[in-house]
Amino acid sequence: MMKDYKEIGKQMPFHEEEGYVEQLVERTTEKALAHTSTKGKTLPLRQWAAAAAIALLLVMTGIWFFSSEDEPTIAVAPQTVSPLDQFLNELSDEDARQLTYYELEEIPEY
Amino acid sequence: MKEMRIDNERNNVLEMVTDPKRRDEGFRLLTKQYGERLYWHIRRMVVGHDDAEDVLQETFIKILNHLSSYRGEGSLSAWLYRIATNEALHHLRRQTRIFQSIDSLAPALVEKLEAETATDGKAVELLFQKALLTLPTQQRLAFNLRYYDELSYAEIAEISGKSVNTLKTNYHYATEKIKEYLKEHS
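If you're matching them up, the sequences are chains V and Z in order.
Oh and the first sequence: position 108 is 108 in our numbering, straight run, nothing missing.
Oh and the second sequence: position 11 is 121 in our numbering, straight run, nothing missing.
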């Protein structure tokens, strides 16, 4: 007949060596104390790292800003193009060839 | 008299931990007084030996970091148990997938229990722990604190944030389920 659970008691089926839990408590206590003391020491280091990152960002921003300004330009007089040059430039290759081979006989007498 | 002695010890520890020069000494005294109880409470929740060590470490760090926030409202032991319970639940939650409940870890915890049970462990003790692991986490928590740690419902309410009536109901359902499980598997 199965016992009531209260009759089973409070013993756990897994056991630990004698003194194990006491030593574990001591060990974790010291680790916790060490953890909180090193945490206090690293805070300034983090602050320095954050400040360095911000400074680097500012420097990079400054470099980008100053390097993107327009180069100074030299004023150049606008070039004028003659009407004849403009006409010749606009001729197609075929038209230019016909001009080159123009013969006197083709001019009608008047 | 016992209550007065406990109060004196608590006040002594609290005085020490709030004094920067005596904080470390006070914390050592605190863990010496409560450490073993907290370990077994955690172990009953997370089952695994290595898991319990990790959770105890996290618990102690949390306690140390939050000592300044403890104002003496409510019992010191309930405050310590609450931190330990939260760390144990966080540990279990990290083993679940997204949207998965902690309760779904039961098969994995049973497996862990069987793996860590001593060869000379009594079969009935193992069966009892398996019965507990079938309970929803909140019922298991209420049962453990009431049965193993012998805390009052008022203290358990402080730890869990549940009302006394809810806890009594949880405990009642837990005991019924355990009895049924033991009957079916005997």
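A virtual CB, placed ideally from N, CA and C, is assigned to each residue, including glycine.
For the ligand GTP, I want to know if glutamate 22 of chain V counts as a neighbour, meaning its beta carbon is within less than 6 Å of at least one of the ligand's heavy atoms.
Looking at this structure, you won't find the ligand GTP or any other ligand, since it has none at all.
Can you list the residues of chain V that glutamine 239 of chain Z reaches, using a CB-CB cut of under 8 Å?
Ordered by position in chain V, the residues that pass the 8 Å Cβ test against glutamine 239 of chain Z are Met12 and Pro13.
One question on the structure: do threonine 169 of chain Z and glutamate 197 of chain Z come within less than 7 Å of each other, judged by their Cβ atoms?
yes
Let me know the secondary structure DSSP gives aspartate 129 of chain Z once reduced to three states.
Reduced to three states, the DSSP call for aspartate 129 of chain Z is coil.
So which residues on chain V does tyrosine 258 of chain Z lean against when the C-beta distance must stay under 8 Å?
Lys10
So, is the C-beta of alanine 34 of chain V closer than 7 Å to a C-beta in chain Z?
With respect to chain Z, the C-beta atom of alanine 34 of chain V has no partner C-beta closer than 7 Å.
So, does the CB of threonine 244 of chain Z fall closer than 7 Å to a CB anywhere in chain V?
The C-beta of threonine 244 of chain Z comes no closer than 7 Å to any C-beta of chain V.
Does the distance from the C-beta atom of leucine 236 of chain Z to that of proline 13 of chain V stay below 7 Å?
yes
Inter-residue spacing [alpha-carbon to alpha-carbon] between lysine 131 of chain Z and asparagine 122 of chain Z:
14 Å
Out of V:Val25, V:Glu30, V:Gln86 and V:Gly62, state which residue places its alpha-carbon closest to the alpha-carbon of aspartate 134 of chain Z.
V:Glu30
If you measure between the beta carbons of valine 127 of chain Z and leucine 177 of chain Z, is that distance less than 7 Å?
yes
For leucine 243 of chain Z, count neighbouring C-beta atoms within 10 Å of its own C-beta (all shown protein chains included) and say buried if the count is 16 or more, exposed if not.
buried
Contact criterion: CB-CB distance below 7 Å. Does valine 59 of chain V meet it with respect to chain Z?
no
CB contact flag (valine 118 of chain V, threonine 141 of chain Z, <7 Å):
The structure shown does not extend to residue 118 of chain V, since chain V spans only 1 to 110, so no value can be given for it.
Pick helix, strand or coil for lysine 222 of chain Z, following the three-state DSSP scheme.
helix
Compute the distance between the beta-carbons of asparagine 280 of chain Z and glutamine 249 of chain Z, then report whether it is under 7 Å.
yes
Count the other CB atoms, across all protein chains shown, that sit within 10 Å of the CB of proline 108 of chain V; report buried if there are 16 or more and exposed otherwise.
In this prediction, proline 108 of chain V has a pLDDT of 48, which is less than 50 and means its spatial position is unreliable; nothing more can be read from the coordinates.
Starting from arginine 181 of chain Z, follow the alpha helix (DSSP H) in both directions and report where the run begins and ends.
Neither: arginine 181 of chain Z is in no alpha helix (DSSP H) and is coded neither H nor E.
Residue from Z:Glu294, Z:Ile288, Z:Ser296 and Z:Ala233 whose Cα sits closest to the Cα of lysine 6 of chain V:
Distances from the alpha-carbon of lysine 6 of chain V to those of Z:Glu294, Z:Ile288, Z:Ser296 and Z:Ala233 put Z:Ile288 closest.
Would you say threonine 29 of chain V lies against chain Z (beta-carbon separation less than 7 Å)?
Judged by the 7 Å Cβ criterion, threonine 29 of chain V is in contact with chain Z.
I think serine 270 of chain Z touches alanine 284 of chain Z, with their Cβ atoms under 8 Å apart; what is that distance to the nearest whole Å?
Contact doesn't hold; Cβ gap of about 13 Å is too wide.
Residue span of the alpha helix (DSSP H) that contains lysine 272 of chain Z, given as start and end
Here lysine 272 of chain Z belongs to no alpha helix (DSSP H), and DSSP marks it neither H nor E.
Chain-ordered residues of the stretch 274–293 of chain Z with a beta carbon less than 8 Å from chain V
Thr285, Ile288, Lys289, Leu292 and Lys293
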